[in-house]
Ligand code: NA
Ligand code: NA
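Protein chains in written order, with the numbering used here: chain A, 1 to 426; chain B, 427 to 737; chain C, 738 to 904.
Written out as structure tokens, the structure is:
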């Protein structure tokens with residue numbers, strides 16, 4: 001009962017525009033006062049919520065994302081994707097999805113991915129006869145794709161919260177990520193064909209252009225190999241991989257592509273530090289909240305509640321997915337991870353579901369939330385770049401969200417889709 | 427009278443004996459207090475790591491926790507003593523030590539830091555798990571990167587034994603071992619089986635290079651709120667449950683060789699000669715930490731063990 | 738004068754944040770090289786990285802507070818009529834100030850207790866780690882106060898200019 005009123009306090013202030021850090025903090029303070037808990041919890045847990053070696057990967061992966069988009073790396077990836085599939089009907093929209101996939105394989109931040117893909121592709125889709133609503137919705141898929149295809153900041157935070165290996169979680173994302181990417185491309189093809197989006201086909205496939213753009217972008221496209229290969233080969237840990245990625249992409253952007261000058265660097269550093277701070281300070285505040293809910297026994301309550309409804313695994317999964325999808329409407333993935341994952345752990349053990357499988361279900365559900373109103377950061381960023389109302393983007397995102405839910409269904413039913421790749425490196 | 431609930435936190439998984447002993451404490455305490463005192467266990471590290479739990483108990487934001495004894499050393503340096511290399515030959519010596527005057531003294535030293543020691547459990551002795559070769563003598567460790575804790579003590583012991591001490595966060599250590607970022611990890615025997623280390627390491631060696639105690643500590647703020655009678659019940663039941671766990675752990679250590687070999691791990695123990703060789707190599711660690719622990723306290727502790735061995 | 742001081746503090750924090758993020762990347766990169774190439778892993782890298790990271794997060798949170806670019810949901814509050822929105826925002830900023838005060842107060846309450854322990858590897862007193870909470874609370878509080886004052890001044894100005902128009 002206490003926690004319920006605390007959640008209401010939190011939602012009230014959050015929806016009415018208070019920064020999440022403070023609405024969490026206030027809700028937690030309220031919980032301490034009303035629940036007769038020591039207020040020292042706030043100061044102590046705020047610090048502990050930030051103090052983790054795993055979280056150190058965040059500034060690294062954010063930096064990689066920013067260096068890529070400002071160092072001409074993402075533009076080269078767009079060119080390559082374009083020469084690969086740009087000649088199909090609705091080609092440019094498919095290119096957008098593919099770029100989101102490739103970018104997602106390099107950067108760890110969904111918002112940075114959406115922004116990077118959007119700034120390049122929304123203007124060029126507009127030139128090529130795609131309506132803004134449609135193109136901004138497609139650009140928005142870069143966010144979820146970036147979360148699901150590793151490296152991924154939400155997966156890092158998840159692993160920290162659930163005590164899973166980051167790397168296993170990373171590997172689990174490949175098949176679901178590729179499935180979503182390809183089904184979205186098929187969706188783009190059919191929508192463009194039916195509605196006549198895109199220019200009359202003048203753009204033809206050319207091997208020469210493909211080879212040329214591949215050569216120009218190879219150093220960028222290789223980045224995931226270095227990051228993931230280095231972890232598989234035992235050269236570095238997941239957190240360290242982020243730093244290797246920074247050093248590598250900086251070298252490429254400064255010395256090879258020559259698109260970042262030393263004088264631009266301070267700005268990129270500050271932007272990345274701020275982006276990191278924005279994310280982590282909320283994680284810290286959410287961890288105060290989560291500590292209190294664990295002390296108050298919320299995880300057991302939820303477990304008993306759900307197991308009380310049914311003991312059938314699929315019914316429970318269905319309930320779980322519904323809860324997560326609804327949460328994803330209003331709550332951001334990182335916050336949801338800190339708060340919900342500890343609550344889900346007892347349930348996961350009681351049901352005997354593989355922790356990696358649950359993790360993928362969780363990340364997928366919450367990533368869909370990036371594209372759903374009222375709160376979806378990919379939606380916000382994308383609509384802002386396209387300069388259209390968020391509702392218009394959201395409306396166009398409906399078929400996309402439905403496609404993703406379809407894949408989500410498959411991921412739920414077939415655990416192997418999540419578990420196969422991690423099992424390969426055993 | 428209303429039921430009072432004591433929340434006890436641990437990083438241990440339910441499969442470990444350390445967690446089991448809390449379950450035992452739960453039932454013993456409920457029985458002794460006629461159901462008036464209840465224990466609620468928060469396992470799997472949901473309340474944070476050892477250092478965070480110790481802080482929380484001191485601040486009164488957490489009731490009770492079982493932590494690694496060596497993690498208490500930043501606030502009471504004398505706790506390093508228990509974890510000095512090759513201090514104990516076996517569980518009997520360790521038990522006598524913890525239940526004797528020195529163990530008592532360590533708990534007394536906790537009181538000024540707002541903590542009350544209720545009893546001693548154990549993570550058992552440390553061993554080495556690796557993927558390169560069985561460790562039968564100090565030379566076998568040469569060139570091996572062993573993950574160790576980010577503490578000077580663990581670093582020093584690992585290095586003195588002859589390996590390359592490689593600090594790594596625990597969250598990355600298991601993956602690091604699997605992928606070869608490190609060649610091996612040192613961990614206590616209590617953990618090897620429940621953590622399924624047999625899936626990622628080929629060789630397990632019972633180097634027994636030091637003992638990791640696991641005291642049950644309670645926030646003094648909370649402890650002072652109980653009546654003297656309740657305090658007595660809490661302490662007695664805690665000590666009893668934890669002693670049970672220590673005895674079980676000794677038996678489990680003996681059994682685990684067969685269990686692990688069944689899973690395909692090559693398990694070996696040190697010969698008395700190798701044991702003595704490692705003990706000799708790590709003698710310097712005593713010198714290194716002598717002033718941190720306090721020369722008087724160290725001599726007293728060493729004399730106590732000496733007297734045990736004479737008996 | 739006050740504005741100049743606040744600007745200077747902000748500038749200093751920006752420099753610190755840039756330096757810290759570079760040092761964090763450099764330390765962890767160095768650790769990989771030392772371990773993988775030279776087989777001599779440093780013992781201090783993880784702890785120093787965490788220490789700098791905590792302070793960097795707190796400092797950037799201060800910057801973000803001044804810029805008012807924290808993660809937040811603004812579209813509902815933007816629907817409110819101007820006057821009501823001003824009142825509500827001022828009210829919620831005062832509450833935010835209250836939370837900053839809690840950070841300072843509780844941070845100082847726990848300070849003496851945590852400061853008696855040192856970090857295991859570098860031996861930095863845990864006080865230096867936990868100090869980030871009250872310091873962060875203080876700086877965020879200062880900038881929130883600035884925002885409140887500014888918004889009140891703007892509001893008054895806007896109202897008086899509107900009245901003039903009506904005249
Ligand atoms: Na990604
Ligand atoms: Na949403």
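Just so it is clear, CB atoms sit at the ideal spot from N, CA and C, and this is done for glycine as well.
Here the structure is a predicted model, which is why all the values come from computation and not from measurement.
task: Kindly provide the ranges of any alpha helix (DSSP H) runs that are 4 or more residues long and lie completely inside the region 135-182 of chain A, ordered along the chain.
output: 142-148, 153-162, 166-172
- prompt: Hey, would you say the C-beta of residue 161 (chain A) is under 7 angstroms away from at least one heavy atom of ligand 2?
  reply: By one-based count along the first chain, residue 161 (chain A) stands at place 161. No.
- request: Let me know the secondary structure DSSP gives residue 125 (chain A) once reduced to three states.
  value: By 1-based counting over the first chain, the position of residue 125 (chain A) is 125. Here residue 125 (chain A) sits in helix by DSSP.
- request: Classify residue 704 (chain B) as buried or exposed, calling it buried when 16 or more other Cβ atoms lie within 10 Å of its own Cβ.
  value: Taking the first residue of the second chain as 1, we reach residue 704 (chain B) at position 278. Classification for residue 704 (chain B): buried.
message: Is residue 149 (chain A) close to ligand 1? I mean its beta-carbon at under 7 angstroms from any heavy atom of the ligand.
response: Residue 149 (chain A) sits at position 149 when you count from the first residue of the first chain. Residue 149 (chain A) Cβ: within cutoff of ligand 1.
query: Mind checking if residue 253 (chain A) is an interface residue toward chain C, Cβ cutoff 8 angstroms exclusive?
result: Taking the first chain and counting its residues from 1, one reaches residue 253 (chain A) at position 253. No, residue 253 (chain A) lies away from the interface with chain C (no Cβ there is under 8 angstroms from its Cβ).
message: So, at 6 angstroms on beta carbons, what are the nonlocal neighbours of residue 733 (chain B) in its own chain, with the 5 sequence-adjacent residues on each side left out?
response: As a first step, residue 733 (chain B) is located in the second chain; it is residue number 307 there, counting from the start. Closer than 6 angstroms at Cβ, skipping near neighbours: no residue.
- request: Kindly list, in the order they appear in chain C, the residues whose Cβ is closer than 7 angstroms to that of residue 484 (chain B).
  value: Here residue 484 (chain B) is taken as the residue at index 58 of the second chain, counted from 1. Within 7 angstroms Cβ-Cβ: 850.
query: Are the region 358-373 of chain A and the region 398-412 of chain A in contact at 8 angstroms, needing three or more beta carbon pairs?
result: yes
- request: Please compile the residues from chain C whose C-beta is within a distance smaller than 9 angstroms of the C-beta of residue 277 (chain A).
  value: On the first chain, position 277 is the one that residue 277 (chain A) refers to. Result: 754, 793, 794, 795, 796, 797, 798, 799, 800, 801.
- prompt: Count the other CB atoms within 10 Å of the CB of residue 80 (chain A); is the residue buried (16 or more) or exposed (fewer)?
  reply: Within the first chain, the letter at position 80 stands for residue 80 (chain A). That one is buried.
field: Cβ of residue 457 (chain B) within 8 angstroms of any chain C Cβ
entry: The residue given as residue 457 (chain B) occupies position 31 in the second chain. With 8 angstroms as the cut-off, residue 457 (chain B) does not count as an interface residue toward chain C.
Three-state class that DSSP yields for residue 574 (chain B) in the structure shown: Walking along the second chain from the start, residue 574 (chain B) turns up at place 148. Note: residue 574 (chain B) maps to strand in three-state DSSP.
task: Run down chain A in chain order and give the residues with a C-beta less than 9 angstroms from the C-beta of residue 771 (chain C).
output: Along the third chain, one-based indexing puts residue 771 (chain C) at 34. Neighbours of residue 771 (chain C) on chain A: none; closest Cβ ~11 angstroms, over 9 angstroms.
- prompt: Quick one: is residue 44 (chain A) near chain B, going by C-beta distance under 8 angstroms?
  reply: The sequence position of residue 44 (chain A) within the first chain is 44, counting from 1. Yes, residue 44 (chain A) counts as interfacial toward chain B.
message: Would you say residue 847 (chain C) lies against chain B (beta-carbon separation less than 8 angstroms)?
response: By one-based count along the third chain, residue 847 (chain C) stands at place 110. Judged by the 8 angstroms Cβ criterion, residue 847 (chain C) is in contact with chain B.
- prompt: When the distance is taken between beta carbons, is residue 169 (chain A) closer than 8 angstroms to residue 359 (chain A)?
  reply: For the purposes of this step, residue 359 (chain A) is identified with residue 359 of the first chain, where counting begins at 1. For the purposes of this step, residue 169 (chain A) is identified with residue 169 of the first chain, where counting begins at 1. Yes, the Cβ-Cβ distance between residue 359 (chain A) and residue 169 (chain A) is below 8 angstroms.
message: Taking 6 angstroms as the limit between beta carbons, can you name the residues of its chain near residue 285 (chain A), skipping five residues before and five after?
response: Position 285 of the first chain, counted from the start, is the residue given in the question as residue 285 (chain A). Hits under 6 angstroms: 21, 24, 25.
- request: Would you verify that the beta carbon of residue 338 (chain A) is, or is not, closer than 8 angstroms to some beta carbon of chain B?
  value: Taking the first residue of the first chain as position 1, residue 338 (chain A) is located at position 338. Cβ-Cβ to chain B under 8 angstroms: no for residue 338 (chain A).
query: Based on Cα-Cα distance, which residue from B:653, B:675, B:669 lies nearest to residue 618 (chain B)?
result: Taking the second chain and counting its residues from 1, the one referred to as residue 618 (chain B) is at position 192. Of the listed residues, the one whose Cα sits closest to residue 618 (chain B) is B:675.
- request: Can you tell me which of the three DSSP states residue 196 (chain A) falls into?
  value: Your numbering for residue 196 (chain A) matches position 196 in the first chain. Note: residue 196 (chain A) maps to coil in three-state DSSP.
field: Test item: CB-CB of residue 287 (chain A) and residue 3 (chain A) under 8 angstroms
entry: Within the first chain, the letter at position 287 stands for residue 287 (chain A). Within the first chain, the letter at position 3 stands for residue 3 (chain A). Going by C-beta atoms, residue 287 (chain A) is not nearer than 8 angstroms to residue 3 (chain A).
message: Which residue wins for smallest C-alpha separation from residue 738 (chain B), given the options A:147, A:297, A:64?
response: Because chain B in this structure spans residues 427 to 737, residue 738 (chain B) falls outside the shown range and cannot be described.
- prompt: Cβ of residue 776 (chain C) less than 8 angstroms from any chain A Cβ?
  reply: Here the question's residue 776 (chain C) lines up with position 39 in the third chain. So, not an interface residue.
query: Is residue 863 (chain C) near residue 851 (chain C), with beta carbons less than 8 angstroms apart?
result: For the purposes of this step, residue 863 (chain C) is identified with residue 126 of the third chain, where counting begins at 1. For the purposes of this step, residue 851 (chain C) is identified with residue 114 of the third chain, where counting begins at 1. Going by C-beta atoms, residue 863 (chain C) is nearer than 8 angstroms to residue 851 (chain C).
- prompt: How about residue 529 (chain B): is its Cβ closer than 7 angstroms to a heavy atom in ligand 1?
  reply: Counted from its first residue, the second chain places residue 529 (chain B) at position 103. Every heavy atom of ligand 1 is 7 angstroms or more from the Cβ of residue 529 (chain B), so no.
query: Taking C-beta to C-beta, are residue 753 (chain C) and residue 272 (chain A) nearer than 8 angstroms?
result: The residue given as residue 753 (chain C) occupies position 16 in the third chain. The residue given as residue 272 (chain A) occupies position 272 in the first chain. Not closer than 8 angstroms, so no.
query: What is the rounded straight-line gap between the Cα of residue 587 (chain B) and the Cα of residue 568 (chain B)?
result: The residue you call residue 587 (chain B) lines up with position 161 of the second chain. The residue you call residue 568 (chain B) lines up with position 142 of the second chain. Between residue 587 (chain B) and residue 568 (chain B), the C-alpha separation is close to 9 angstroms.
Neighbouring residues, chain A, relative to residue 867 (chain C) (Cβ below 9 angstroms): Counting from one through the third chain, the residue named residue 867 (chain C) turns up at place 130. Going along chain A in sequence order, the residues near residue 867 (chain C) (Cβ under 9 angstroms) are 43, 44, 47.
- request: Could you tell me the boundaries of the alpha helix (DSSP H) in which residue 451 (chain B) lies?
  value: By 1-based counting over the second chain, the position of residue 451 (chain B) is 25. 443-458 is the extent of the alpha helix (DSSP H) around residue 451 (chain B).
Spatially closest choice to residue 102 (chain A) from A:187, A:320, A:69, by CA coordinates: Taking the first residue of the first chain as 1, we reach residue 102 (chain A) at position 102. Of A:187, A:320, A:69, the residue nearest in Cα terms is A:69.
task: Assign residue 233 (chain A) to buried or exposed, taking buried as 16 or more other Cβ atoms, counted over all protein chains shown, within 10 Å of its Cβ.
output: The count along the first chain starts at 1 and reaches residue 233 (chain A) at position 233. Exposed: under 16 other Cβ atoms inside 10 Å.
- prompt: Quick one, which residues of the region 817-829 of chain C are near chain A if we go by CB-CB under 9 angstroms, in chain order?
  reply: 817, 822, 825, 826, 829
task: Using the Cα positions of residue 182 (chain A) and residue 363 (chain A), report the straight-line distance between them to the nearest angstrom.
output: Counted from its first residue, the first chain places residue 182 (chain A) at position 182. Counted from its first residue, the first chain places residue 363 (chain A) at position 363. So the alpha carbons of these two residues sit roughly 18 angstroms apart.
Nearest neighbour of residue 117 (chain A), chosen from A:88, A:76, A:87 [CA to CA]: The residue you call residue 117 (chain A) lines up with position 117 of the first chain. Ranking A:88, A:76, A:87 by Cα distance to residue 117 (chain A) puts A:76 first.
- request: Note down, in chain order, all residues in the region 9-31 of chain A with a beta-carbon under 7 angstroms from any beta-carbon belonging to chain C.
  value: 13, 14, 15, 16, 17, 18, 19, 20, 21, 22, 25, 26, 29
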